[in-house]
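Engineer:
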Amino acid sequence: MRPSHTPLLLVEFLAALISALPSLAHAGAYTSLTVGSGPDDYRSYTVNANAGLFDLPVQLNLSHFRAKSAQADDVTQSVVGLDWTAARLLSVGISHSKISDGTLDVSGNDAMLSFSLNELWKGELRTVIDAGYGKSDYTPAVHPIGVNSQSLIQKRNSVGLRQDLTPSFAVYGSHDRYNYDRNPTAIAIFLILSSRNTSNVAYTLLGFPDKTNSLGITWRPSDSLTLDLSSSKTVTLLEQQLVSKRLSLDYQVNDAVNIATAVTRSSSTALLRASGQTVQAATNDTYLDLTAGWTF
0 MRPSHTPLLL
10 VEFLAALISA
20 LPSLAHAGAY
30 TSLTVGSGPD
40 DYRSYTVNAN
50 AGLFDLPVQL
60 NLSHFRAKSA
70 QADDVTQSVV
80 GLDWTAARLL
90 SVGISHSKIS
100 DGTLDVSGND
110 AMLSFSLNEL
120 WKGELRTVID
130 AGYGKSDYTP
140 AVHPIGVNSQ
150 SLIQKRNSVG
160 LRQDLTPSFA
170 VYGSHDRYNY
180 DRNPTAIAIF
190 LILSSRNTSN
200 VAYTLLGFPD
210 KTNSLGITWR
220 PSDSLTLDLS
230 SSKTVTLLEQ
240 QLVSKRLSLD
250 YQVNDAVNIA
260 TAVTRSSSTA
270 LLRASGQTVQ
280 AATNDTYLDL
290 TAGWTF
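Each residue of the sequence shown is one higher than the one before, counting from 0 in numbering that gives the first Met the number 0.
Right, dumping it as structure tokens:
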């Protein structure tokens, strides 16, 4: 695997900057650490940090994910983004991400517009519509014989809706559609063999998705407890189906500390060649994540 230190160093530097200069944050700052486990000695960690900048309606978001297992190369994902609340009706988000699994590097830029439609009629229950666009550059880190080593461009369009049914209960859903500048089938078959199927978006992108549909519900039985149940289904360009079902529980211990746990059931159908030969067997695995977060 080729080392990819730059995104991690950037995330660590910016996270340290937020911690060292809390005066930058007009609305406080937040950081969290998530540790994950699963089959085949799967282990992962995710570091998140965000903070408001000065007195501007802008939030800086940082994230770094790393996973390893006995059956696949290490996967890393680093994300840097900004959220801008332009008005009560509109917010804008932009981000840049880097994903690598030793055989494939993915560099992406994303933008999202969120419209709080309930502001139009001064409703207390939120109605939020999202519209997103992303562009990613897939570059092989290795160049297999007989496979075009030219980079591949992926474009993504997404729409989403979140609707509060009561002050404590909400439903949400999204649809993502992906397009590529050329047929990636040959390189996809080669590279997908090194990937795994988990709930993390890094793995979905490494599987060359065609479309993704997601649905979820969120319930807050109290001010300190939040339950979330979601399901997503991705169909790849190779007609493989990736399904993820996730149940998470978040508990706000006090004003500064929260803890969370999540269980994900992740499955994929077998990947077959036209001849019927199995390229990748079907999977059905369970993953556990534990999170601790701090607001300061």
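No residue lacks a Cβ here, since even glycine has one placed at the ideal position from N, Cα and C.
With DSSP collapsed to three states, give me the class of T102.
Structural biologist: Note: T102 maps to coil in three-state DSSP.
Engineer: Kindly indicate which residue of G27, I258, L228 and V105 has the alpha-carbon position closest to the one of G172.
Structural biologist: With distances taken between Cα atoms, G172 lies closest to L228.
Engineer: If L61 sits next to N47, beta carbons under 8 Å apart, how far is it from one beta carbon to the other, in whole angstroms?
Structural biologist: Correct: roughly 7 Å between the Cβ atoms.
Engineer: What do you reckon, are the CB atoms on T102 and D72 nearer than 8 Å?
Structural biologist: Yes.
Engineer: Let's test the definition: count the other Cβ atoms within 10 Å of the Cβ of V158 and tell me whether it reaches 16, buried, or not, exposed.
Structural biologist: Exposed is the call here.
Engineer: Give the straight-line distance between the Cα atoms of L88 and E123, rounded to the nearest whole angstrom.
Structural biologist: Straight-line Cα distance between these residues: approximately 13 Å.
Engineer: Just the C-alpha distance for D284 and T33, rounded to the nearest angstrom, thanks.
Structural biologist: Roughly 19 Å separates the two Cα atoms.
Engineer: By the 10 Å Cβ neighbour count, where 16 or more other Cβ atoms means buried, how is G133 classified, buried or exposed?
Structural biologist: Buried is the call here.
Engineer: Sorted by chain position, which residues of the same chain lie with C-beta nearer than 8 Å to T277's C-beta, five sequence neighbours on each side aside?
Structural biologist: Counting only Cβ-Cβ distances below 8 Å, and skipping sequence neighbours, we find A269, L270 and L271.
Engineer: Between L55, H63, G37 and G51, which lies nearest to T45 when the distance is taken from Cα to Cα?
Structural biologist: Nearest option by C-alpha distance: H63.
Engineer: Could you tell me if N182 is buried or exposed, where buried requires 16 or more neighbouring beta carbons within 10 angstroms of its beta carbon?
Structural biologist: That one is exposed.
Engineer: Could you give the distance in angstroms between the alpha-carbon of I258 and the alpha-carbon of S36?
Structural biologist: Near 17 Å, if we compare the C-alpha coordinates of S36 and I258.
Engineer: Measuring only the C-alpha atoms, how far is R155 from K232?
Structural biologist: When rounded, the distance between both Cα atoms is 16 Å.
Engineer: Just how far apart, CA to CA, sit S106 and A50?
Structural biologist: Going from the Cα of S106 to the Cα of A50 covers about 24 Å.
Engineer: If you follow the beta strand (DSSP E) that G131 is in, where does it begin and where does it stop?
Structural biologist: Segment T126 to P139, the beta strand (DSSP E) holding G131.
Engineer: CA-CA distance, D54 and Q239?
Structural biologist: The straight-line gap from Cα to Cα measures roughly 47 Å.
Engineer: In whole angstroms, what separates the C-alpha of S150 from that of Y137?
Structural biologist: Each residue's alpha carbon lies about 5 Å from the other.
Engineer: Measure from the alpha carbon of T165 to the alpha carbon of each residue in L112, P220 and R245, then state which is nearest.
Structural biologist: Among L112, P220 and R245, the Cα nearest to that of T165 belongs to P220.
Engineer: In whole angstroms, give me the CA-to-CA distance for R264 and L81.
Structural biologist: Taking the straight line joining both Cα atoms gives about 31 Å.
Engineer: Please tell me whether, using a cut-off of 7 Å, the distance from the CB of S68 to the nearest non-hydrogen atom of the ligand HEM is below it.
Structural biologist: For the ligand HEM, the structure offers nothing, since it holds no ligand at all.
Engineer: Determine the direct distance from the alpha carbon of P56 to that of S115, and round the result to whole angstroms.
Structural biologist: Between S115 and P56, the C-alpha separation is close to 16 Å.
Engineer: Tell me where the beta strand (DSSP E) around P220 begins and ends.
Structural biologist: Per DSSP, P220 belongs to the beta strand (DSSP E) from P208 to S221.
Engineer: Let me know the secondary structure DSSP gives D284 once reduced to three states.
Structural biologist: Strand, per DSSP.
Engineer: In the DSSP output, what is A71 paired with across the bridge?
Structural biologist: Answer is S68.
Engineer: Assuming contact is defined by CB atoms lying nearer than 8 Å, are T294 and A255 in contact in what I supplied?
Structural biologist: For T294 and A255, yes; Cβs fall inside 8 Å.
Engineer: In chain order, what residues of the same chain have a beta carbon less than 6 Å from the beta carbon of T290, not counting five sequence neighbours either side?
Structural biologist: Result list for T290: S31, T33 and A259, in chain order.
Engineer: Given this structure, state the Cα-to-Cα distance separating Y250 from S167, to the nearest angstrom.
Structural biologist: Whole-angstrom Cα-Cα distance: 15 Å.
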